[in-house]
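Down below is the structure, laid out as structure tokens.
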Amino acid sequence: MSPPASPPRTVICVGDLHGYISKLESLWANLQSSLPADAFATALVVFLGDYCDRGPSTREVLDFLIALPSGHPSQRHVFLCGNHDLAFAAFIGALPPPPDGSPFSATWGEYIHNEVNEGWYRGPGYEGMHAQGRRWGGIMKEKRNPKRGSSYLGSIYDARPTFESYGVAHGSPDLVNAVPEEHKKFLHDLVWIHEEENVPIDTDEGQLICKLIAVHAGLERSIDLNEQFRVLRTKDTKVSKIAMLSGRQDVWNIPKDLAGEQTIIVSGHHGKLHMDGLRFVIDEGGGYADRPVAAIVFPSKELIRSTEGTTSQN
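The sequence shown begins at 1 in the UniProt record's numbering and counts up one residue at a time.
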């Protein structure tokens with residue numbers, strides 16, 4: 001009879017940060033104080049994407065994340081790409097080229113009807129820029145975002161604070177030289193999906209051992225699942241807009257092909273907390289100044305927040 005396997009490591013999934021270094025520092029301190037020392041020290045930590053825009057300190061957030069592996073060498077860190085991060089990378093030339101060799105300008109057509117209203121970037125280098133980079137560096141014609149009930153911060157992506165965190169004006173091509181090479185490498189290397197086997201989760205029926213899939217927005221119900229995995233695993237940047245990183249309603253539920261497969265799907269992106277069975281959306285902050293950043297810890301499904309006194313058990 002083989003000896004019992006050692007328990008799987010603690011898995012922490014951290015919601016969207018959106019340039020708020022103070023929230024990230026508080027959340028990290030709360031995770032460290034809330035979890036057993038050995039569980040925290042050896043955890044798998046999955047950041048769910050959207051590190052930039054809206055908040056004032058994108059540069060400091062990236063510095064913090066880049067330093068984590070050396071500061072916590074027994075942890076494993078996964079940095080997912082969010083739709084904001086992809087657009088930031090596209091603007092500064094850090095987006096991997098399309099695997100099929102097509103030019104980034106081929107991504108413009110699907111959304112070119114939005115160019116005028118979104119004031120797409122037309123400065124130096126725009127000819128070779130992915131559509132989302134042009135949108136990210138653009139200047140919105142409409143000043144108010146009705147969905148968020150606030151004014152746009154420069155572009156449709158609210159990118160002005162990111163430019164300013166590197167000391168340049170919104171939409172300036174000088175950002176390319178202002179962003180350090182290690183930040184460009186970080187953005188270039190972001191993964192679009194993380195798949196982890198043997199992740200425990202506590203349920204009313206006892207503890208299950210599941211596969212965990214982390215992707216920024218979720219998996220689409222109307223796109224072939226194998227095609228989605230291909231796009232995500234290969235980081236296929238010939239796609240104009242990656243639904244699994246930026247979708248809304250169609251990425252909310254677990255695809256029927258995975259239902260009943262004991263697969264946990266964790267995302268950020270949606271500006272809310274949602275926990276239903278094995279589907280988790282962890283984005284309490286949503287890039288709003290007055291909301292906390294949250295993380296979920298498996299197997300317990302405990303929520304840890306950047307604010308003190310708001311730790312709760314699901």
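Note that CB positions come from ideal geometry on N, CA and C, so glycine has one too.
For this session: Report the option in Glu164, Asp290, Tyr166 and Leu86 whose CA atom is closest to the CA atom of Thr237.
Result: Per the Cα distances, Leu86.
For this session: Report yes if the CB atom of Ala49 is closer than 8 Å to the CB atom of Asp100, and no otherwise.
Result: Before going further, note that residue 49 is Gly rather than Ala in the sequence given. Note that the C-beta distance between Gly49 and Asp100 is not below 8 Å.
Exercise. At which residue ranges does the stretch 130–211 contain complete beta strand (DSSP E) runs of 3 or more residues, listed in the order of the chain?
Worked result: You should have 194–203.
For this session: Classify His130 as buried or exposed, calling it buried when 16 or more other Cβ atoms lie within 10 Å of its own Cβ.
Result: His130 is buried by the Cβ-count criterion.
Exercise. In its own chain, which residues sit with a C-beta less than 8 Å from the C-beta of Glu182, not counting the 5 before and 5 after it?
Worked result: So the list reads Ile66, once near-sequence residues are dropped.
Exercise. How should residue 320 be labelled, buried or exposed, when 16 other C-beta atoms within 10 angstroms of its C-beta is the threshold for buried?
Worked result: This structure leaves residue 320 out entirely; the chain is present only between 1 and 314.
Exercise. Skipping 5 residues on each side, what residues in its chain have a beta carbon closer than 7 Å to that of Trp120?
Worked result: Sequence-distant partners of Trp120 (beyond 5 residues in either direction) whose C-beta falls short of 7 Å from its own C-beta, in its chain, are Arg134, Arg135 and Gly138.
For this session: Within its chain, find whatever has a CB closer than 8 Å to the CB of Gln262; leave out the 5 residues flanking it on each side and keep chain order.
Result: Non-local C-beta neighbours of Gln262 in its own chain, meaning closer than 8 Å and more than five positions away in sequence, comprise Leu208, Ile209, Cys210, Lys211 and Leu278, ordered along the chain.
Exercise. In the structure shown, what three-state DSSP assignment does Asp63 receive?
Worked result: Look at Asp63 here: in three-state DSSP terms it is helix.
Exercise. Should the stretch 213–233 be regarded as contacting the stretch 250–266, the criterion being three or more beta carbon pairs within less than 8 Å?
Worked result: The stretch 213–233, when compared against the stretch 250–266, does touch it at the 8 Å Cβ threshold.
Exercise. Under the three-state reduction of DSSP, which class applies to Glu220: helix, strand or coil?
Worked result: If DSSP states are grouped into helix, strand and coil, Glu220 belongs with coil.
For this session: Please state whether DSSP places Glu302 in a helix, a strand or coil.
Result: Glu302 falls in the strand class under three-state DSSP.
Problem set entry | Gly123, buried or exposed, once every other Cβ within 10 Å from all chains shown has been counted against 16 | Here Gly123 is exposed: its Cβ has fewer than 16 other Cβ atoms, across all protein chains shown, within 10 Å.
Problem set entry | Burial state of Ala243, where buried means 16 or more other Cβ atoms lie within 10 Å | So Ala243 ends up on the buried side.
For this session: Just mark Gln228 as buried or exposed, buried being the case when its beta carbon has 16 or more other beta carbons within 10 Å.
Result: So Gln228 ends up on the buried side.
Problem set entry | Pair within 8 Å by beta-carbon distance, Leu80 and Val199 | Between Leu80 and Val199, the CB-CB gap reaches or exceeds 8 Å.
For this session: Compute the Euclidean distance between the alpha carbons of Asp257 and Arg230, then round it to the nearest angstrom.
Result: Going by the C-alpha atoms only, they are around 16 Å apart.
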